[in-house]
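S.K.:
Residue numbers (the UniProt record's numbering): 1 to 425.
Listed below in structure tokens is the structure:
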């Protein structure tokens with residue numbers, strides 16, 4: 001008994017021809033579904049057109065070569081000649097009589113391929129919190145064809161790929177790939193990628209990643225580094241926390257102003273004060289620095305080397321203190337209340353003389369200077385004021401309790417790209 005030749009699906013054979021000859025072959029799925037062809041009909045040593053004619057002949061289909069160099073597989077109408085003609089009228093290929101090709105017949109034949117295989121995919125991109133993510137990049141994998149999500153996170157993409165895979169990417173979020181398949185609506189949720197968020201440092205008029213910096217910068221992230229530090233003033237937040245930044249009080253009076261020196265004093269006659277920049281606004285004297293509630297500050301950066309003069313000029317010769325305050329975040333409303341309690345006291349008091357010690361000390365000094373003594377009768381002074389007299393350190397100082405209360409509300413509208421923050425403390 002003679003063995004029958006093996007058969008294969010016509011659709012599979014056409015795709016293999018397309019890959020082998022590196023040419024586009026377009027067909028309707030419904031035209032070739034269920035059709036088979038003998039495996040020995042394909043001879044890769046022969047021309048492409050000869051192979052196409054051989055595999056289509058048993059099924060009654062015809063092919064048409066387009067101006068773009070591709071091939072269209074069409075249904076053959078009764079009485080048609082199987083010979084193809086590149087300049088024939090569209091009705092020759094059954095377009096006029098085919099319900100599926102009525103739309104395609106109204107446009108130029110070179111565009112038929114694009115119209116036949118195009119598909120529209122739409123959907124919405126959201127974050128972990130369910131809020132829309134505007135500006136997300138959606139690209140067909142392996143191509144440069146793509147689009148971006150609008151202000152509501154919605155997108156629409158027309159693709160001509162057979163089996164497209166969409167790549168969704170956004171700064172600060174993990175990229176995600178989705179195979180389209182037969183879907184026309186694809187909603188995607190992106191997750192925050194903490195590893196992709198580089199540490200950012202404020203420098204002058206903009207930001208820079210820390211690893212890209214060449215200048216000397218010291219930074220404090222208030223939320224991370226000073227969250228549990230009960231500071232009532234900004235200068236107190238900086239003391240002892242930045243290399244090369246020296247902060248001291250001008251006198252011992254409570255609430256007295258402080259002086260800040262970046263890498264020491266640089267002038268004998270001129271000022272040694274750095275300039276202060278609060279949210280991009282220069283405050284040369286720094287008088288407004290301590291008027292800011294420490295709870296409202298997000299970060300403090302100190303620029304310490306000569307690169308600061310490239311932005312602020314010679315007035316930045318003593319360094320720059322950049323203060324960035326907190327801002328609201330669109331799509332998320334936050335209400336925060338914090339309180340702290342503590343005491344303020346002298347770490348060490350002066351060891352003063354009492355009445356007898358002071359009188360004897362003065363008398364000895366006068367005797368050494370060959371001068372008459374001031375207190376001839378020390379015992380009478382002790383009897384009058386007591387052995388120790390008045391401890392003036394205890395009289396003028398005390399342990400002072402303090403309390404701070406801070407309330408803030410922040411948020412914003414993602415649709416209108418507006419944010420707000422309100423705080424009192």
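Quick reminder that beta carbons are idealized off the backbone N, C-alpha and C, glycines included.
What you are looking at is a predicted structure, and each value in this text was computed from that prediction instead of being measured.
Determine the DSSP secondary structure at residue 352, reduced to helix, strand or coil.
M.R.: coil
S.K.: Suppose the cutoff is 6 Å on Cβ atoms and the five residues either side in sequence are ignored; what does the same chain contact list for residue 42 look like?
M.R.: These residues qualify, in order along the chain: 51.
S.K.: When we look at the beta-carbon of residue 127 and count the other beta-carbons within 10 Å, is it buried (16 or more) or exposed?
M.R.: Under this definition residue 127 is a buried residue.
S.K.: Looking at C-alpha atoms only, which residue of 75, 27 and 129 is the closest neighbour of residue 331?
M.R.: 129
S.K.: For the alpha helix (DSSP H) containing residue 174, name the first residue and the last one.
M.R.: Premise fails: residue 174 lies in the beta strand (DSSP E), 173-179, not in any alpha helix (DSSP H).
S.K.: What is the DSSP secondary structure of residue 141, reduced to helix, strand or coil?
M.R.: In this structure, residue 141 counts as coil in the three-state DSSP scheme.
S.K.: Do residue 279 and residue 326 have their C-beta atoms within less than 8 Å of each other?
M.R.: no
S.K.: Assuming residue 167 and residue 151 form a contact by the criterion Cβ under 8 Å, report the distance between their Cβ atoms to the nearest whole angstrom.
M.R.: With 8 Å as the limit, residue 167 and residue 151 do not qualify as a contact, their Cβ atoms being about 21 Å apart.
S.K.: What residue range is occupied by the uninterrupted alpha helix (DSSP H) comprising residue 371?
M.R.: First-last for residue 371: undefined, no H or E at that position.
S.K.: Short of 6 Å in beta carbon distance, which residues of its chain neighbour residue 109, apart from the five on each side in sequence? Order them along the chain.
M.R.: Below a pLDDT of 50, predicted positions are generally treated as unreliable, and residue 109, at 39, falls in that range; the measurement from the model is reported next regardless. Excluding positions up to five away in sequence, the list reads 66.
S.K.: Residue 170 and residue 190 look like a contact to me (Cβ under 8 Å); what is the Cβ gap, rounded to whole Å?
M.R.: That pair is a contact at about 6 Å.
S.K.: For residue 383, which of helix, strand or coil comes out of DSSP?
M.R.: helix
S.K.: Going by DSSP in three states, residue 292 sits in which element: helix, strand or coil?
M.R.: coil
S.K.: In the DSSP assignment, find the beta strand (DSSP E) that holds residue 406 and state where it starts and stops.
M.R.: Its beta strand (DSSP E) spans residues 400-413.
S.K.: Suppose you measure from the CA of residue 234 to the CA of residue 293; what does that come to, to the nearest Å?
M.R.: 8 Å
S.K.: Taking the alpha helix (DSSP H) that residue 154 belongs to, which residues open and close that run?
M.R.: Run containing residue 154: none in the alpha helix (DSSP H); it sits in the beta strand (DSSP E), 154-159.
S.K.: Roughly how many whole angstroms lie between the Cα atoms of residue 179 and residue 9?
M.R.: 25 Å
S.K.: By how many angstroms is the C-alpha of residue 134 removed from the C-alpha of residue 345?
M.R.: 53 Å
S.K.: Can the beta-carbon of residue 148 be found closer than 8 Å to that of residue 137?
M.R.: yes
S.K.: Could you give the first and the last residue of the continuous beta strand (DSSP E) run that contains residue 64?
M.R.: 61-65
S.K.: So what does residue 75 bridge to, in DSSP terms?
M.R.: 61
S.K.: Quick one: residues in its chain with C-beta nearer than 7 Å to the C-beta of residue 216, no 5 flanking neighbours on either side, listed in chain order?
M.R.: 304 and 305
S.K.: Give the straight-line distance between the Cα atoms of residue 11 and residue 29, rounded to the nearest whole angstrom.
M.R.: 8 Å
S.K.: Mind reading off the beta-carbon distance from residue 244 to residue 218? Whole number of angstroms is fine, and I expect it under 8 Å.
M.R.: Confirmed, Cβ separation roughly 7 Å.
S.K.: If distances are taken between C-alpha atoms only, which option among 394, 324 and 405 comes closest to residue 440?
M.R.: With the chain covering 1 to 425 only, the question about residue 440 has no answer from this structure.
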